[in-house]
Amino acid sequence: MTVPRIAITGMGIICGAAANIPVFRDAILEGKSGVGPVDLFDVAAFPSQIAVQVKEYDPRAWFTRRQATRLSRTDQFALLAAQEALSMSGLAGCYDPYDIGVCVGGGAAGMFQAEQWLAAELRGETARPAHLRGVLPDKTCTELAQALCLAGYQGSVTTACSSSATAIGWGADLIRCGRQKAMLCGGADSLALLTFAGFNSLKVMDPEPCAPFSLGRQGITLGEGAAFVVLEEEQAARSRGADIIGYLLGYALLGEAHHMTAPEPSGESAARVMTAALSAAGLAPGRVGWVNAHGTGTPANDVVESNAMKQVFGDRVQQVPLISTKPITGHCLGAAGSIEAVATLLALNAKTIPRTLHFRGKDPECDLDYCHDANRPSDCSIALSNSFAFGGNITTLVLGSAALPEEVC
Amino acid sequence: MESFSCPIAVTGSSAVTVAGYGLQPVLEALRNRRCCLHPVPEDLLKDAEGLLWGRADSFRAADFMPPLKARKLDRCSQFAVAAAGRALAEAGIITDSIPGERIGIALGCGFGGIANSAEFLAGYFQQGVAGLSPVLFPNTVANAPASNVSIEYGIKGPNITFVQRFCSAESAVLAACRFIEEGRADVMLAGGVDELTPLMMKGFAALGQLHSHASGFGEGAGILVLERADHAASRGATIKARIQSIATVGLLLPGFEQQGLNRLLPNRRCFDQLMVSGAETAVRPLLAAVQAPQTHFPGQLIGRSLAMGGVTLGALTGLLQPGQQGLHLAASPEGPCFAITLEGGDPA
Numbered sequence: 001m002t003v004p005r006i007a008i009t010g011m012g013i014i015c016g017a018a019a020n021i022p023v024f025r026d027a028i029l030e031g032k033s034g035v036g037p038v039d040l041f042d043v044a045a046f047p048s049q050i051a052v053q054v055k056e057y058d059p060r061a062w063f064t065r066r067q068a069t070r071l072s073r074t075d076q077f078a079l080l081a082a083q084e085a086l087s088m089s090g091l092a093g094c095y096d097p098y099d100i101g102v103c104v105g106g107g108a109a110g111m112f113q114a115e116q117w118l119a120a121e122l123r124g125e126t127a128r129p130a131h132l133r134g135v136l137p138d139k140t141c142t143e144l145a146q147a148l149c150l151a152g153y154q155g156s157v158t159t160a161c162s163s164s165a166t167a168i169g170w171g172a173d174l175i176r177c178g179r180q181k182a183m184l185c186g187g188a189d190s191l192a193l194l195t196f197a198g199f200n201s202l203k204v205m206d207p208e209p210c211a212p213f214s215l216g217r218q219g220i221t222l223g224e225g226a227a228f229v230v231l232e233e234e235q236a237a238r239s240r241g242a243d244i245i246g247y248l249l250g251y252a253l254l255g256e257a258h259h260m261t262a263p264e265p266s267g268e269s270a271a272r273v274m275t276a277a278l279s280a281a282g283l284a285p286g287r288v289g290w291v292n293a294h295g296t297g298t299p300a301n302d303v304v305e306s307n308a309m310k311q312v313f314g315d316r317v318q319q320v321p322l323i324s325t326k327p328i329t330g331h332c333l334g335a336a337g338s339i340e341a342v343a344t345l346l347a348l349n350a351k352t353i354p355r356t357l358h359f360r361g362k363d364p365e366c367d368l369d370y371c372h373d374a375n376r377p378s379d380c381s382i383a384l385s386n387s388f389a390f391g392g393n394i395t396t397l398v399l400g401s402a403a404l405p406e407e408v409c
Numbered sequence: 410m411e412s413f414s415c416p417i418a419v420t421g422s423s424a425v426t427v428a429g430y431g432l433q434p435v436l437e438a439l440r441n442r443r444c445c446l447h448p449v450p451e452d453l454l455k456d457a458e459g460l461l462w463g464r465a466d467s468f469r470a471a472d473f474m475p476p477l478k479a480r481k482l483d484r485c486s487q488f489a490v491a492a493a494g495r496a497l498a499e500a501g502i503i504t505d506s507i508p509g510e511r512i513g514i515a516l517g518c519g520f521g522g523i524a525n526s527a528e529f530l531a532g533y534f535q536q537g538v539a540g541l542s543p544v545l546f547p548n549t550v551a552n553a554p555a556s557n558v559s560i561e562y563g564i565k566g567p568n569i570t571f572v573q574r575f576c577s578a579e580s581a582v583l584a585a586c587r588f589i590e591e592g593r594a595d596v597m598l599a600g601g602v603d604e605l606t607p608l609m610m611k612g613f614a615a616l617g618q619l620h621s622h623a624s625g626f627g628e629g630a631g632i633l634v635l636e637r638a639d640h641a642a643s644r645g646a647t648i649k650a651r652i653q654s655i656a657t658v659g660l661l662l663p664g665f666e667q668q669g670l671n672r673l674l675p676n677r678r679c680f681d682q683l684m685v686s687g688a689e690t691a692v693r694p695l696l697a698a699v700q701a702p703q704t705h706f707p708g709q710l711i712g713r714s715l716a717m718g719g720v721t722l723g724a725l726t727g728l729l730q731p732g733q734q735g736l737h738l739a740a741s742p743e744g745p746c747f748a749i750t751l752e753g754g755d756p757a
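Protein sequences, first through last, are from chains A and B. Quick note: the first sequence uses the numbering used here, first residue 1, plus one each step. Quick note: the second sequence uses the numbering used here, first residue 410, plus one each step.
This is the structure:
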């Protein structure tokens, strides 16, 4: 039996580097980082005081006063990105609302607002209860379903930094197994004191813009935003005349069963998830042109991911660049996987492997090609996107460009 | 499309609830209609008078793991590790006998991570940077329970956590069944875990939900062991029940409720046992469409939570006699809705 290919027919984004897809495309291809000072809350007490914050953001430009009050910052980002994705797909009216589902990867969700309630409560002041409404990540999914009239599957994946990559993979599978005809999948997250203080307390935040795979890197730079894709079965999308902008060819997810915060050091688990994703896509490693790394810039992650690459690609590893777009977008936690999936698709369609910014020097433990010097032209139509998370929840997506040959999968 | 291409068997189950450890106390409560909820301490909230909750106060993590390990885990992770261990044992699975890569876990989580988040932030708000505890931060994520279970038992297959209102556990069970059907795993632990803290009650009170959604809230974990029926048979495991189908809709659209209902219950409408999970107010409109001589509302007896579906599915499995048909209905006021059908015993 032929497994249907899952086409991507729409995508949308808002993050600290760009407020829509055309601007984000430029940021990825031209290497424009959004890193800068944080003014969303007071960060003066922390060693790292930078992030890729969505700046000059006025909710009233997009939402009514009531919506702006009721929706968390995360939910607002989600709606903006989802609306761009749906608009691009031209999906409206093409399917029964019960045939379109939503799957969202969540992280800190509405914690930015909820922690204001907690601070007031601890001071013995009257706290605004509205700040609590979005504290759980499922609120984002519900808001999207209601606002966009999507009555099919509703699910929120909460596996920390791999949430939204898994949400895309799982959403594709809901189509593949016939439960849904189309899915809106992605993730949303906003900066919050919880995560900013948390990663600082673990001493994994770089005071300078993150420098994945570089010598002297000290950790992550946080980011925020949302990205969504619209998935459909390829033939259905073609039948309704949709423009296909890429493919989700396969995915895999697993648990490392090693440690809550440290990656499994040999890279065996990371290699296993990449290999399993390729297997799910029915592809040999030789078909992969490059990999959008989890690439956080922490000393441990970057070595493990490099080692995993060697296990997956063997002698060919130096011909498969491992790049990170996190220096551009920051690490957007619950939204990271979907933002990086979109970045990967844009780069694939532009036949370009993006540069990894902020090179500080060659690390002998990171001895692959990371495109530290410049973008690289590439005719390859297939790339992987890795997302690794607290708890050892790791996911790999296999993405194909719009120009993917028909014989693939 | 609601059914699976391979029969999926339930071969183990366990729970931690206000009723006690394991599913037997829950089944006894259901059979005797014994309410296990107890009063919310009046010193906790100003308007707590008359309110009941289902805190699992008898649970002692040190009964299930070394005290040092227990101190490192958040309460949800403690529940999950305890319930998963018993479920695996009941299924006769020694994790060494099945490669860890072939066993996965899918959990629904409710407010897991919130208590650690609040404690972590309180340290900062009260003492500044010096008050930050890096030990607390890793367990502020909702996937901590599933991850801690995977670390405890060497589970290296698919690992996923969902939070989806009162249907968090059902979301996880759907994913688990699909992972088995696809061949991503031979065995999946699936269910839900949630906790109930005094701060949550203050939050419910602030939102005006204390006497509505938050009334009779509970906590605990309910975890099933799922596997392909032929896999269970090959290792000589007892099949307690088979999951026949899982249907879900995200919303019942106003004016198009019947279409949604038809997708939830496309075939059978008569069952031997009906288990109601989630928010009863949201499930009640669905009840008119089904017939069952025995309908159970476990939330009234052990407390409702966002991830109670693991406990209620386990209880339904325990109630079904071989050959009996069971229906698990769950819903949240703002969606989603789930209908899960099971058949008791092993038809083979």
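All C-beta atoms, glycine included, are put in the ideal place defined by N, C-alpha and C.
Cut-off 6 Å between Cβ atoms - residues of its own chain near residue i, not counting five sequence neighbours on either side
{"i": "L403(B)", "result": "In this structure chain B extends from 410 to 757, so residue 403(B) is not present and cannot be described."}
{"i": "I14(A)", "result": "F77, L80, A81, G225 and A226"}
{"i": "H640(B)", "result": "D595"}
{"i": "G532(B)", "result": "G540, L541 and S542"}
{"i": "C444(B)", "result": "L710"}
{"i": "R287(A)", "result": "I382"}
{"i": "C485(B)", "result": "G521, P554, V602 and E604"}
{"i": "Q218(A)", "result": "D206"}
{"i": "E233(A)", "result": "P4 and I175"}
{"i": "Q573(B)", "result": "S580"}
{"i": "A630(B)", "result": "V425, F488, A489, A492 and V602"}
From the options, residue whose alpha carbon lies closest to that of residue i
{"i": "V699(B)", "options": "Q682(B), A524(B), L710(B) and N557(B)", "result": "Q682(B)"}
{"i": "T166(A)", "options": "P448(B), D603(B) and N568(B)", "result": "N568(B)"}
{"i": "V544(B)", "options": "S526(B), F747(B) and G537(B)", "result": "S526(B)"}
{"i": "I503(B)", "options": "I564(B), G617(B), A748(B) and A479(B)", "result": "I564(B)"}
{"i": "E604(B)", "options": "G429(B), S414(B) and L715(B)", "result": "L715(B)"}
{"i": "G718(B)", "options": "K611(B), A581(B) and A524(B)", "result": "A581(B)"}
{"i": "C371(A)", "options": "G10(A), W62(A), G289(A) and N349(A)", "result": "G289(A)"}
{"i": "G501(B)", "options": "A515(B), L439(B), L516(B) and S423(B)", "result": "S423(B)"}
{"i": "A19(A)", "options": "M309(A), G34(A) and R316(A)", "result": "G34(A)"}
{"i": "S239(A)", "options": "K181(A), L249(A) and A271(A)", "result": "K181(A)"}
{"i": "G334(A)", "options": "K32(A), R60(A), G110(A) and S279(A)", "result": "G110(A)"}
{"i": "H447(B)", "options": "F665(B), G625(B) and K481(B)", "result": "G625(B)"}
Nearest-angstrom Cβ-Cβ length linking residue i and residue j, presumed shorter than 8 Å
{"i": "F390(A)", "j": "M260(A)", "result": "6 Å"}
{"i": "G16(A)", "j": "Q53(A)", "result": "5 Å"}
{"i": "L40(A)", "j": "L144(A)", "result": "The pair is not a contact, with the Cβ atoms about 23 Å apart (cut-off 8 Å)."}
{"i": "E743(B)", "j": "T142(A)", "result": "5 Å"}
{"i": "A160(A)", "j": "V550(B)", "result": "5 Å"}
{"i": "S556(B)", "j": "G517(B)", "result": "The Cβ separation is near 14 Å, so there is no contact."}
Contact set for residue i: own chain, Cβ-Cβ below 7 Å, skip 5 residues either direction
{"i": "T325(A)", "result": "I28, N292, E340, A343 and P354"}
Run of the alpha helix (DSSP H) containing residue i, from where it starts to where it stops
{"i": "A656(B)", "result": "Unbroken run through A656(B) is the beta strand (DSSP E), A650 to V658; no alpha helix (DSSP H)."}
{"i": "W117(A)", "result": "M111 to L122"}
{"i": "C586(B)", "result": "S577 to E591"}
{"i": "V490(B)", "result": "R484 to E499"}
{"i": "N200(A)", "result": "L193 to S201"}
{"i": "I328(A)", "result": "K326 to T329"}
Limits of the beta strand (DSSP E) - the one that residue i falls within
{"i": "V392(B)", "result": "Outside the displayed range of chain B (410 to 757) lies residue 392(B), so it cannot be described from this structure."}
{"i": "I749(B)", "result": "C746 to G753"}
{"i": "A701(B)", "result": "Taken as a continuous stretch (DSSP letters only), A701(B) belongs to no beta strand (DSSP E), as it is neither H nor E."}
{"i": "I21(A)", "result": "Segment I21 to E30 is the alpha helix (DSSP H) holding I21(A); no beta strand (DSSP E) there."}
{"i": "V312(A)", "result": "It is not in any beta strand (DSSP E) - V312(A) instead sits in the alpha helix (DSSP H) that spans P299 to F313."}
{"i": "L397(A)", "result": "N393 to S401"}
{"i": "L278(A)", "result": "No beta strand (DSSP E) contains L278(A), which is instead part of the alpha helix (DSSP H) from E268 to A281."}
{"i": "A252(A)", "result": "G246 to G255"}
Query raised in the report: Given a limit of 8 Å on CB to CB distance, which residues of the segment 661-676 of chain B reach chain A?
Result: L661, L662, F665, Q668, G669 and R672
Query - Members of the segment 523-536 of chain B that neighbour chain A once the beta carbon cut-off is set at 8 Å - result: I523, S526, A527, F529, L530, A531, Y533, F534 and Q535
Query raised in the report: Listed in chain order, which residues of the segment 427-441 of chain B have Cβ atoms closer than 9 Å to some Cβ of chain A?
Result: none
Query raised in the report: Looking at chain B, which residues of the segment 67-95 of chain A have a Cβ within less than 7 Å of any of its Cβ atoms?
Result: none
Query raised in the report: Of all the residues that make up the segment 297-315 of chain A, which are near chain B by a beta-carbon distance shorter than 8 Å?
Result: none
**Report entry** Residues within the segment 31-55 of chain A neighbouring chain B, beta-carbon criterion of under 8 Å
**Finding:** A45 and F46
Report task. With 7 Å as the C-beta to C-beta threshold (strictly closer), list the residues of the segment 147-159 of chain A near chain B in chain order. Result -> L150, A151, G152, Y153, Q154, G155, S156, V157, T158 and T159
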